[in-house]
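Student: First the structure, which I've put down as structure tokens, then a few questions once you've had a look.
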Amino acid sequence: MESSLRELAMYRMERAFEMLIAAEDNLKIGQYKTSLNRSYYAIFHAMRAANIIKGFDSSKHSGVIAFFNKEYLKENIIDRKMSPIIKNSSFFREKSDYDDFFIASKKDAENQLKNAKIFLSVVEDYLKTENHNLLANPQISRH
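The following block contains the structure:
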């Protein structure tokens, strides 16, 4: 794999973990909509990290999700149980960002954060294996 793609994938996983930390921080201070948003972006950046391994990038969220679903979930490279995590996080992100009257609950934010942690762990494990060995650097790994 090209060195620049490897570096980009690593950078995107770093961003994913930054979003995860932001989701946790916002949950702690009762900013549930923002926590839902950050949990989604943690998942989104992890998908982008995996997608770039296959040479795919998109500026559209729908494109990132569609490619990830097709190349990783439908091919069973990554467990298909991740599909509802993606769908739910996207749903809550859109509600939080665009529905003026949406009230985010603590429980919703906690569940999304938990799911984002699961998702990032699964993608990180994939990136550590399959000859990608992207996250072998202990300074980058988050387990």
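The number in the numbering used here is simply the position in the sequence shown, starting from 1, with 246 added. C-beta atoms are modelled at their ideal positions from N, C-alpha and C, and glycine is treated no differently.
#1: Report yes if the CB atom of Leu366 is closer than 8 angstroms to the CB atom of Phe263, and no otherwise.
#2: Please report the straight-line C-alpha distance between Gly276 and Lys306, rounded to a whole angstrom.
#3: Measuring CB to CB, does Ser342 end up less than 8 angstroms from Lys300?
#4: Closest to Val310 by C-alpha separation, out of Ile323, Asn322, Ile324, Ile332, would be which residue?
#5: Please state whether DSSP places Lys327 in a helix, a strand or coil.
#6: Decide yes or no for the touch test of the region 283-298 against the region 352-367: beta carbon pairs closer than 8 angstroms, at least 3 of them.
#7: Quick check on Asn297: buried or exposed, where buried means 16 or more other Cβ atoms within 10 Å of its Cβ?
#8: Ile323 and Val369 - do their beta-carbons sit closer together than 8 angstroms?
#9: So, using beta-carbon positions, are Arg252 and Arg294 closer together than 8 angstroms?
#10: Grouping DSSP H, G and I as helix and E and B as strand, with all else coil, what is Glu321?
Tutor: Considering the structure as presented:
#1: The answer is yes: Cβ separation under 8 angstroms.
#2: 29 angstroms
#3: no
#4: Ile332
#5: Of the three classes helix, strand and coil, the one that applies to Lys327 here is coil, per DSSP.
#6: By the Cβ criterion, the region 283-298 is in contact with the region 352-367, since at least three pairs of Cβ atoms, one from each stretch, lie closer than 8 angstroms.
#7: buried
#8: no
#9: Not a contact, by the Cβ cut-off of 8 angstroms.
#10: coil
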